[in-house]
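Student: Mapped onto this note's numbering, the consecutive letters of the sequence shown carry residue numbers 161 to 384.
Cβ coordinates follow ideal geometry from the N, Cα and C atoms, glycine included.
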Amino acid sequence: MRPRDAGSRRSASTAARSSSSGDDPHRALSGLRIIGGTLKGRRLAAPPGLATRPLPDRVKQSLFDWLGQRLDGLRVVDCCAGSGSFAFEALSRGAAHVDAIEPGHVAAPVLRANAARLGNPSAVVVHALPFQAVLPRLADVDLVFADPPFAWYRDDAPLVADLLRLGAGALKADGRLVIRGERGTDLPAVPAGLVERERRTYGRSWLALLTPAAGRTGSRPRSA
Numbered sequence: 161m162r163p164r165d166a167g168s169r170r171s172a173s174t175a176a177r178s179s180s181s182g183d184d185p186h187r188a189l190s191g192l193r194i195i196g197g198t199l200k201g202r203r204l205a206a207p208p209g210l211a212t213r214p215l216p217d218r219v220k221q222s223l224f225d226w227l228g229q230r231l232d233g234l235r236v237v238d239c240c241a242g243s244g245s246f247a248f249e250a251l252s253r254g255a256a257h258v259d260a261i262e263p264g265h266v267a268a269p270v271l272r273a274n275a276a277r278l279g280n281p282s283a284v285v286v287h288a289l290p291f292q293a294v295l296p297r298l299a300d301v302d303l304v305f306a307d308p309p310f311a312w313y314r315d316d317a318p319l320v321a322d323l324l325r326l327g328a329g330a331l332k333a334d335g336r337l338v339i340r341g342e343r344g345t346d347l348p349a350v351p352a353g354l355v356e357r358e359r360r361t362y363g364r365s366w367l368a369l370l371t372p373a374a375g376r377t378g379s380r381p382r383s384a
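1) What is the C-beta distance between S243 and L271, in whole angstroms, given that I count them as a contact (C-beta under 8 Å)?
2) Do L234 and L303 have their CB atoms nearer than 8 Å?
3) So R230 is in the beta strand (DSSP E); what residue range does that whole segment cover?
4) Where does L289 land, buried or exposed, given buried means 16+ other C-beta within 10 angstroms?
5) Given a cut-off of 8 Å, decide if A205 and A273 are closer than it, judged by their beta-carbon atoms.
6) How many whole angstroms separate the CB atoms of D225 and I195, which I take to be in contact at a CB cut-off of 8 Å?
7) For L227, which of L367, A333, D307 has the nearest alpha-carbon?
8) Please report the straight-line C-alpha distance between R297 and L370, rounded to a whole angstrom.
9) Considering only their Cβ atoms, is the gap separating A321 from P281 smaller than 8 Å?
10) Just to confirm the assignment, what range does the alpha helix (DSSP H) spanning R277 have?
11) Looking only at its chain, what residues have a beta carbon closer than 7 Å to the beta carbon of T328, apart from the 5 residues adjacent to it on each side?
12) What residue does the beta strand (DSSP E) around D238 start on, and which one ends it?
13) In the structure shown, what three-state DSSP assignment does P351 receive?
14) For Y362, write down the residues that DSSP places opposite it in a beta bridge.
15) What residue does the beta strand (DSSP E) around A333 start on, and which one ends it?
16) Whole angstroms are fine: how far does the CA of A276 sit from the CA of T361?
17) Thinking C-alpha only, which one of A241, A311, G279, V301 is nearest F291?
18) With which residues is E356 paired in a DSSP beta bridge?
19) Taking DSSP as the reference, what is the three-state secondary structure of R297?
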């Protein structure tokens with residue numbers, strides 16, 4: 161029997177790769193992984209394409225070196241969550257409750273698939289809604305992590321300002337908000353009641369730490 165030609169072999173190989181790791185978010189594993197805590201080493205899927213930018217391991221490690229390695233008992237929000245890399249890292253490191261906010265029609269199914277891969281932990285709530293619809297319902301949050309699309313800084317600074325304002329409103333009086341940006345971009349004017357305390361650069365990314373201004377008594381009442 162004549163062997164198949166090289167083009168046929170390549171087509172078969174491409175088809176096999178597509179069927180094993182193509183459109184099914186439950187199977188499209190990436191290089192993302194949880195790097196600390198009880199779930200350390202568990203792998204996560206990443207949304208296809210360039211619309212999301214997963215938090216690199218080295219930046220994530222540096223972030224937890226900064227914030228503290230454990231988040232025991234804390235209430236955490238992962239805003240613009242993408243794959244949920246930060247949300248599940250927070251869970252692994254002891255967070256009591258994590259709200260993961262991701263409205264993207266491509267990213268949200270991957271976020272849900274990652275939750276399913278980890279057994280749909282009850283401490284993680286996935287919100288496939290815009291942050292404007294979710295943050296006003298949250299209160300008494302210890303830590304908000306926001307990783308908005310970098311294009312927002314350039315094309316829609318008021319949207320970043322809304323994210324800061326609504327995130328600040330959800331924080332406890334001693335809560336923290338961390339937001340990621342890209343080199344060459346900057347935060348819009350920080351809303352009243354929120355103060356930028358520090359900023360650190362990691363390669364092309366920067367992370368800014370903001371906290372409620374002194375004298376603020378607490379977050380708004382939590383909505384039902």
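Tutor: The answer reads as follows:
1) The residue you call residue 243 lines up with position 83 of the sequence shown. The residue you call residue 271 lines up with position 111 of the sequence shown. The pair is a contact, with the Cβ atoms about 6 Å apart (cut-off 8 Å).
2) Within the sequence shown, the letter at position 74 stands for residue 234. Within the sequence shown, the letter at position 143 stands for residue 303. Between L234 and L303, the gap from beta carbon to beta carbon is short of 8 Å.
3) In the sequence shown, the residue the question calls residue 230 occupies position 70. Careful: R230 lies outside any beta strand (DSSP E) and carries neither H nor E.
4) Looking up residue 289 in the sequence shown gives position 129. Taking every protein chain shown into account, the CB of L289 has fewer than 16 other CB atoms within 10 angstroms, so this residue is exposed.
5) For this step, residue 273 is matched to residue 113 along the sequence shown. For this step, residue 205 is matched to residue 45 along the sequence shown. Result yes, Cβ atoms of A273 and A205 sit closer than 8 Å.
6) For the purposes of this step, residue 225 is taken as the residue at position 65 of the sequence shown. For the purposes of this step, residue 195 is taken as the residue at position 35 of the sequence shown. Contact flag wrong, Cβ pair sits at about 11 Å.
7) The sequence position of residue 227 within the sequence shown is 67, counting from 1. Answer by Cα proximity: L367.
8) Working through the sequence shown from its first residue, we reach residue 297 at position 137. Working through the sequence shown from its first residue, we reach residue 370 at position 210. Each residue's alpha carbon lies about 20 Å from the other.
9) The residue labelled residue 281 in the question sits at position 121 within the sequence shown. The residue labelled residue 321 in the question sits at position 161 within the sequence shown. No. Outside cutoff.
10) Here the question's residue 277 lines up with position 117 in the sequence shown. 267-277 is the span of the alpha helix (DSSP H), which, as asked, contains R277.
11) Numbered from 1 along the sequence shown, position 168 holds the residue referred to as residue 328. Sequence inspection shows Ala at residue 328; the Thr mentioned does not correspond to that position. The residues L337, P351, G353, L354, P372, in chain order, have a CB closer than 7 Å to that of A328 in the same chain once the five nearest residues on each side in sequence are set aside.
12) As a position in the sequence shown, residue 238 is number 78, starting the count at 1. For D238, the uninterrupted beta strand (DSSP E) segment begins and ends at 235-239.
13) Within the sequence shown, the letter at position 191 stands for residue 351. Three-state DSSP puts P351 in coil, outside helix and strand.
14) For the purposes of this step, residue 362 is taken as the residue at position 202 of the sequence shown. DSSP output for Y362 lists S365 as bridge partner(s).
15) Position 173 of the sequence shown, counted from the start, is the residue given in the question as residue 333. 331-342 is the extent of the beta strand (DSSP E) around A333.
16) Reading the sequence shown from its first residue, position 201 is the one you call residue 361. Reading the sequence shown from its first residue, position 116 is the one you call residue 276. The alpha-carbon of T361 is positioned some 33 Å away from that of A276.
17) In the sequence shown, counting from the first residue as 1, residue 291 sits at position 131. The residue with the shortest Cα to Cα distance from F291 is A241.
18) Here the question's residue 356 lines up with position 196 in the sequence shown. Beta-bridge pairing links E356 to L370.
19) The count along the sequence shown starts at 1 and reaches residue 297 at position 137. In this structure, R297 counts as helix in the three-state DSSP scheme.
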